[in-house]
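Below is one structure, written out as structure tokens, with a few remarks after it.
There are 2 protein chains.
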Amino acid sequence: MDWQKHGRHIFAAMPEKPLLHTCLSPALLHLYDLSNTAVVIIDVFRATSTIAAALHNGAAKVIPVDSVEGCIEIGAEMGAITAGERDGKVVPGLQHGNSPLEYPRSFIEGKTLVLTTTNGTRLLHMALKKGATAVVTGSFGNLSVVCNYLLASGKNVLLGCSAWKDRINSEDTLFAGAVIEQIGEHFTIHCDASLAAASLYGAVKADIWAFTQKTTHYHRLSAYGLQKDMEWCLTKDIAPVLPLYKDGALVAG
Amino acid sequence: MDWQKHGRHIFAAMPEKPLLHTCLSPALLHLYDLSNTAVVIIDVFRATSTIAAALHNGAAKVIPVDSVEGCIEIGAEMGAITAGERDGKVVPGLQHGNSPLEYPRSFIEGKTLVLTTTNGTRLLHMALKKGATAVVTGSFGNLSVVCNYLLASGKNVLLGCSAWKDRINSEDTLFAGAVIEQIGEHFTIHCDASLAAASLYGAVKADIWAFTQKTTHYHRLSAYGLQKDMEWCLTKDIAPVLPLYKDGALVAG
Chain A
5 MDWQKHGRHI FAAMPEKPLL HTCLSPALLH LYDLSNTAVV IIDVFRATST
55 IAAALHNGAA KVIPVDSVEG CIEIGAEMGA ITAGERDGKV VPGLQHGNSP
105 LEYPRSFIEG KTLVLTTTNG TRLLHMALKK GATAVVTGSF GNLSVVCNYL
155 LASGKNVLLG CSAWKDRINS EDTLFAGAVI EQIGEHFTIH CDASLAAASL
205 YGAVKADIWA FTQKTTHYHR LSAYGLQKDM EWCLTKDIAP VLPLYKDGAL
255 VAG
Chain B
5 MDWQKHGRHI FAAMPEKPLL HTCLSPALLH LYDLSNTAVV IIDVFRATST
55 IAAALHNGAA KVIPVDSVEG CIEIGAEMGA ITAGERDGKV VPGLQHGNSP
105 LEYPRSFIEG KTLVLTTTNG TRLLHMALKK GATAVVTGSF GNLSVVCNYL
155 LASGKNVLLG CSAWKDRINS EDTLFAGAVI EQIGEHFTIH CDASLAAASL
205 YGAVKADIWA FTQKTTHYHR LSAYGLQKDM EWCLTKDIAP VLPLYKDGAL
255 VAG
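Quick note, the sequences are listed as chains A and B, same order.
My numbering numbers the first residue of the first sequence as 5 and each following residue consecutively.
My numbering numbers the first residue of the second sequence as 5 and each following residue consecutively.
Okay, here's the thing in structure tokens:
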């Protein structure tokens with residue numbers, strides 16, 4: 005028997021699974037190859053949850069921008085809704101906040117939302133600059149839709165946590181773990197960050213709300229009275245839509 | 005009642021606990037303030053385990069160096085034992101490897117070991133450069149000794165994981181979790197990386213060896229036949245010594 009030939013035949017018949025990595029902070033993004041890779045931008049509290057809410061409720065698109073000035077400028081140019089918070093308050097010069105609860109269908113349908121956030125938008129732009137093949141945003145609200153997209157795409161996957169000023173945060177890590185629990189078996193995972201995220205999610209998923217109350221971001225947001233926001237942001241599949249980055253905006257894919 | 009005065013009195017009587025943070029990768033070290041801070045350098049597989057083994061078995065000191073050339077040069081100057089591996093083999097020009105099992109008392113007592121490692125040594129030098137008040141090395145072999153030192157020092161604590169080429173690894177994260185489980189209640193912890201490390205450790209500690217077999221480093225080291233090394237490196241308090249950095253070397257503190 006020609007073992008090499010036979011081996012090659014088997015190999016051809018059983019293609020390797022795509023790779024999946026988890027990047028726990030934007031400060032670690034440089035370690036990852038983004039070619040042929042779909043990047044999921046994760047900013048559970050609250051940018052990517054709010055993006056899912058707005059698109060699920062019929063927003064035409066969401067334009068993520070880094071700066072307040074950019075948000076005001078683009079908003080005026082497009083006659084769009086501008087939104088952004090700093091320290092739990094709507095930024096002066098903008099119209100709305102970062103809460104997913106502010107964007108019901110009755111308000112947002114058919115409109116364009118220009119959203120300025122710090123951590124999530126920054127990571128999204130970093131991933132684009134580094135040549136990501138595709139960029140989507142993920143949050144518990146659209147967990148299953150994102151998972152189905154990643155499975156169907158056939159690409160390698162990078163789960164990109166937006167973190168908090170580059171410091172690892174629990175809620176983004178947990179979402180990465182939730183994705184891995186749902187579809188990890190279909191990927192090759194040689195990545196301890198993924199292993200840690202999945203183990204952490206497995207350990208706390210029975211009461212994710214109780215765990216969240218120990219996190220830094222909970223303390224920051226609850227001081228602004230945003231408990232209801234956070235509960236919404238941790239609810240699975242409440243906004244089943246795929247926010248896909250295309251021509252400068254996130255649109256329902 | 006003068007509330008302010010009374011409040012101040014209570015505050016003075018109940019000083020705040022020192023802070024504890026966990027840094028999961030050298031690439032995140034810049035995020036942390038190291039003033040009045042004891043930094044624990046963690047490189048479980050295998051640098052800080054081997055340092056504990058050598059010092060516990062009576063080595064006079066261990067000099068950690070970044071480069072093979074530096075290792076050879078310092079070793080020759082001091083008439084010391086040189087050690088270092090790359091890809092699981094002793095580096096040409098050096099005498100010994102990175103295994104803790106290579107340094108029994110009969111061999112190492114009273115001698116100086118010049119050790120070159122990549123991840124652990126690099127983080128140690130980064131922490132010194134950034135002005136850490138005190139630097140010790142930690143591993144499961146000297147877990148309790150390190151914990152007792154941190155409690156007694158009264159300083160803030162940074163648990164510094166050496167990671168693998170800046171990528172987060174499980175074994176260093178788990179050691180941070182073990183420290184937090186043992187002494188975390190005596191510190192103020194507003195740090196999701198610490199929370200994640202402690203939760204992960206809690207979730208897998210019942211069979212840390214089974215979990216380790218899923219990690220990237222296990223696969224790397226087991227390919228070199230180093231399972232026994234890894235089992236040793238995961239054994240708690242097998243080398244109870246405090247490796248304290250002083251005048252360019254780690255000595256038993």
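Just so you know, even glycine gets a beta-carbon here, dropped at the ideal spot from N, CA and C.
Computed from a prediction, not measured in an experiment: that's the story for all the values here.
Residue i: first and last residue of the uninterrupted alpha helix (DSSP H) it sits in
i: H129/A; result: N123 to K133
i: N152/B; result: L147 to S157
i: V69/B; result: Unbroken run through V69/B is the beta strand (DSSP E), K65 to V69; no alpha helix (DSSP H).
i: F179/B; result: S174 to I187
i: A243/B; result: Element bounds for A243/B: n/a, residue is neither H nor E.
i: H223/A; result: T220 to S226
i: T216/A; result: I212 to T216
i: K232/A; result: Q231 to C237
i: L204/A; result: D196 to V208
Chain A contact for residue i (CB, 8 Å cutoff)
i: G206/B; result: yes
i: D170/B; result: yes
i: S29/B; result: yes
i: R12/B; result: At R12/B, the pLDDT of 45 sits below 50, so the modelled position is not reliable and the matter cannot be decided from this model.
i: H190/B; result: no
i: T216/B; result: no
i: A200/B; result: yes
i: T137/B; result: no
i: L163/B; result: no
i: D6/B; result: Residue confidence is low: D6/B scores 42 on pLDDT, short of 50, so the model does not pin down where it sits. No coordinate-derived value is stated.
Beta carbon proximity, residue i to chain B, threshold 8 Å
i: N123/A; result: no
i: A51/A; result: no
i: T41/A; result: no
i: L35/A; result: yes
i: L105/A; result: no
i: L32/A; result: yes
i: G88/A; result: no
Where residue i meets chain B, residues with beta-carbon distance less than 8 Å
i: N173/A; result: D196
Beta strand (DSSP E) segment containing residue i, residue limits
i: H60/B; result: No beta strand (DSSP E) holds H60/B; the alpha helix (DSSP H) holding it covers A51 to H60.
i: R109/B; result: Looking at the DSSP string, R109/B is not in any beta strand (DSSP E); the run it does join, the alpha helix (DSSP H), is R109 to I112.
i: R90/A; result: I85 to R90
i: G164/B; result: N160 to C165
i: L254/B; result: A253 to A256
i: L98/B; result: Per DSSP, L98/B belongs to no beta strand (DSSP E) and is neither H nor E.
Where residue i sits in the DSSP three-state scheme
i: P22/A; result: coil
i: G142/A; result: strand
i: L248/A; result: strand
i: D37/B; result: coil
i: R12/A; result: Because R12/A sits at a pLDDT of 45, beneath the cut-off of 50, its placement in the model cannot be relied upon, and the following sentence gives the value as read from the coordinates. Residue state, collapsed to three classes: helix.
i: T120/B; result: strand
i: A42/B; result: strand
i: M75/A; result: Per the sequence shown, residue 75/A should be read as Cys rather than Met. DSSP places C75/A in helix when its eight states are reduced to three.
i: K93/B; result: strand
i: C27/A; result: strand
Amino acids of chain A, ordered along the chain, whose beta-carbon sits closer than 7 Å to that of residue i
i: S203/B; result: L204, A207 and V208
i: T141/B; result: The contacting residues do not exist; T141/B stays about 21 Å from chain A at best.
Listed by chain order, chain A residues near residue i by CB distance under 8 Å
i: T177/B; result: D196 and A200
Cross-chain neighbours of residue i in chain B, by beta carbon under 9 Å
i: T219/A; result: D196 and L199
Presumed contact (8 Å Cβ cut-off) between residue i and residue j, rounded CB distance
i: T121/A; j: G88/A; result: 7 Å
i: N61/B; j: E113/B; result: 6 Å
i: Y153/A; j: E185/A; result: About 17 Å; that fails the 8 Å criterion.
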